[in-house]
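Residue numbers (UniProt numbering): 1 to 456.
Idealized CB from N, CA, C, for every residue including glycine.
What you are looking at is a predicted structure, and each value in this text was computed from that prediction instead of being measured.
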């Protein structure tokens with residue numbers, strides 16, 4: 001709320017219409033007459049002066065809005081250049097819906113000094129008073145804006161913070177991403193499939209070919225169907241799995257008939273290239289206007305994919321083992337990431353969102369990453385913070401390294417690739433040596449002359 005200190009002073013009342021007691025945080029901040037008025041040039045919200053912020057969310061994005069600030073020298077809000085607004089955010093611990101955690105987060109985003117210490121700047125992405133962010137359901141975040149005077153940057157005012165968990169924590173199961181049985185079964189099965197591929201993928205080469213083709217078909221079909229039709233998650237995953245089975249079978253038949261190792265391994269290296277490009281996109285800072293254009297983004301993304309694949313193809317045998325280890329390890333930690341409450345699974349999810357969610361090119365990813373001594377040090381010192389993301393990341397790297405070493409050890413003194421069960425390539429008879437060729441003895445015809453006897 002905004003109130004002037006001029007007579008007559010405003011009076012505020014707090015009423016609780018509920019039948020239970022609730023906690024309320026009241027914070028009063030005073031500003032000088034030279035400071036911008038937050039929400040003073042409001043044209044969207046219900047109150048004439050709206051110093052508060054609003055947040056909304058869907059399955060993929062979070063929208064944070066604020067009303068424009070008014071500079072004291074611009075009484076009628078004739079110009080928007082006399083003040084500017086910066087947005088900041090601070091993540092709360094993952095899957096922590098405790099009220100004390102929420103209030104401590106709000107307190108740490110109320111003043112300029114604390115915002116600069118604990119907050120993270122949200123870059124401008126084309127909308128002056130709105131920021132779009134990628135949603136991480138179950139991970140709370142506090143959002144706040146600061147209005148500065150363009151002429152005097154020491155003059156500022158802080159908006160009332162808002163928050164979002166990208167879900168409804170007050171409803172049982174409201175923060176579950178996979179809320180249907182089929183999705184949960186499919187996610188849980190990734191653990192066993194991932195361990196198999198990580199440690200035994202190259203040894204069971206034909207099974208690996210099917211699984212790599214299956215995963216590729218699932219991702220491609222999921223993206224294409226999402227762009228063409230509006231289906232619920234269960235139906236979409238079901239159609240993607242069926243398509244993945246067909247794609248995996250086709251890729252296995254390619255090896256069955258032709259047996260060309262470099263082409264068989266190429267799809268595995270492309271998948272690793274896709275994962276590597278997704279990691280780069282996941283970690284890029286927001287506000288890169290060049291990558292907001294889909295043409296620029298997907299050109300760079302595909303270039304990284306192909307470059308990674310071509311570099312790995314230079315050592316076909318080792319690259320296939322390495323691809324099995326990396327992809328299998330990620331598939332293993334993916335369900336753990338979901339059930340424990342980490343956010344590494346969004347490496348792939350954010351890339352898929354970029355392909356299918358409208359206007360996601362304007363979204364700031366800025367993923368949360370829990371590490372000891374990082375942003376969560378802002379909370380009360382008695383809080384016990386577990387670096388979940390760091391543990392999952394280290395586990396992923398450890399599984400990939402151990403999977404590579406185990407497979408390399410098991411495949412020593414073996415042929416690099418098994419022979420294909422059947423080949424449709426033309427078969428030529430082996431050449432014979434010169435000494436082994438025996439020509440048939442042909443009778444020699446001698447022309448008669450005067451010396452030829454009449455009777456033989």
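Opening and closing residue of the alpha helix (DSSP H) in which residue i lies
i, result
"residue 411", "Taken as a continuous stretch (DSSP letters only), residue 411 belongs to no alpha helix (DSSP H), as it is neither H nor E."
"residue 90", "Not the alpha helix (DSSP H): residue 90 falls in the beta strand (DSSP E), residues 83 to 94."
"residue 208", "205 to 228"
"residue 115", "112 to 118"
"residue 304", "294 to 313"
"residue 463", "Nothing about residue 463 can be read from this structure; the chain reaches only from 1 to 456."
"residue 31", "Where residue 31 is concerned, there is no enclosing alpha helix (DSSP H), given that its DSSP letter is neither H nor E."
"residue 352", "346 to 356"
"residue 262", "261 to 283"
"residue 103", "99 to 107"
"residue 194", "181 to 200"
Buried versus exposed call for residue i [16 or more other C-beta atoms within 10 Å across all chains shown]
i, result
"residue 347", "buried"
"residue 93", "buried"
"residue 132", "buried"
"residue 91", "buried"
"residue 345", "buried"
"residue 282", "buried"
"residue 286", "buried"
"residue 53", "buried"
"residue 26", "exposed"
"residue 394", "exposed"
"residue 379", "Low local confidence applies: a pLDDT of 39 at residue 379 is under 50, so the model's placement there is unreliable, with the coordinate-based value given in what follows. Residue 379 comes out buried."
"residue 18", "exposed"
"residue 189", "exposed"
"residue 328", "buried"
"residue 413", "exposed"
"residue 171", "exposed"
"residue 528", "With the chain covering only 1 through 456, there is no way to say anything about residue 528."
"residue 61", "buried"
"residue 350", "buried"
"residue 4", "exposed"
"residue 59", "exposed"
"residue 167", "buried"
"residue 24", "exposed"
"residue 161", "buried"
"residue 51", "buried"
"residue 213", "buried"
"residue 420", "buried"
"residue 134", "buried"
Presumed contact (8 angstroms Cβ cut-off) between residue i and residue j, rounded CB distance
i, j, result
"residue 260", "residue 313", "About 12 angstroms separates the two Cβ atoms, so there is no contact after all."
"residue 488", "residue 39", "The shown model of the chain, from 1 to 456, leaves out residue 488, and the question about it has no answer."
"residue 80", "residue 68", "6 angstroms"
"residue 523", "residue 83", "This structure leaves residue 523 out entirely; the chain is present only between 1 and 456."
"residue 138", "residue 163", "Actually they are not in contact, since the Cβ atoms of residue 138 and residue 163 sit about 13 angstroms apart, beyond 8 angstroms."
"residue 144", "residue 174", "With 8 angstroms as the limit, residue 144 and residue 174 do not qualify as a contact, their Cβ atoms being about 24 angstroms apart."
"residue 368", "residue 159", "About 22 angstroms; that fails the 8 angstroms criterion."
"residue 244", "residue 221", "7 angstroms"
"residue 480", "residue 274", "Nothing about residue 480 can be read from this structure; the chain reaches only from 1 to 456."
"residue 248", "residue 211", "7 angstroms"
"residue 317", "residue 416", "4 angstroms"
"residue 292", "residue 362", "6 angstroms"
"residue 121", "residue 86", "7 angstroms"
"residue 277", "residue 297", "Not a contact, Cβ separation roughly 10 angstroms."
Residues bridged to residue i [DSSP beta-bridge criterion]
i, result
"residue 54", "65"
"residue 41", "68"
"residue 160", "52"
"residue 331", "Bridge partners of residue 331: none, in fact."
"residue 144", "88"
"residue 364", "133"
"residue 149", "83"
"residue 122", "87"
"residue 139", "94"
Opening and closing residue of the beta strand (DSSP E) in which residue i lies
i, result
"residue 131", "130 to 134"
Contact test: residue i Cβ vs the ligand GDP heavy atom, cutoff 7 angstroms
i, result
"residue 224", "With respect to the ligand GDP, the structure offers nothing, as it holds no ligand at all."
Problem set entry | contact_flag[the region 108 to 126, the region 386 to 394] where n(CB pairs < 8 angstroms) is 3 or more | no
Exercise. Are the region 213 to 229 and the region 347 to 362 touching by the rule of at least three beta carbon pairs closer than 8 angstroms?
Worked result: yes
Exercise. Is there contact between the region 235 to 253 and the region 174 to 190, where contact requires at least three CB pairs shorter than 8 angstroms?
Worked result: yes
Exercise. Is the number of C-beta pairs between the region 195 to 205 and the region 395 to 411 that are closer than 8 angstroms three or more?
Worked result: yes
Exercise. Taking three-plus beta-carbon pairs below 8 angstroms as touching, is the region 324 to 337 in contact with the region 246 to 254?
Worked result: no
Problem set entry | Inter-stretch contact (C-beta, 8 angstroms, three-pair minimum) for the region 141 to 160 and the region 31 to 38 | yes
Exercise. For the region 97 to 105 against the region 120 to 129, are there 3 or more C-beta pairs whose distance is under 8 angstroms?
Worked result: no
Exercise. Is it true that the region 322 to 329 meets the region 263 to 273, where meeting means three or more beta-carbon pairs spaced less than 8 angstroms apart?
Worked result: yes
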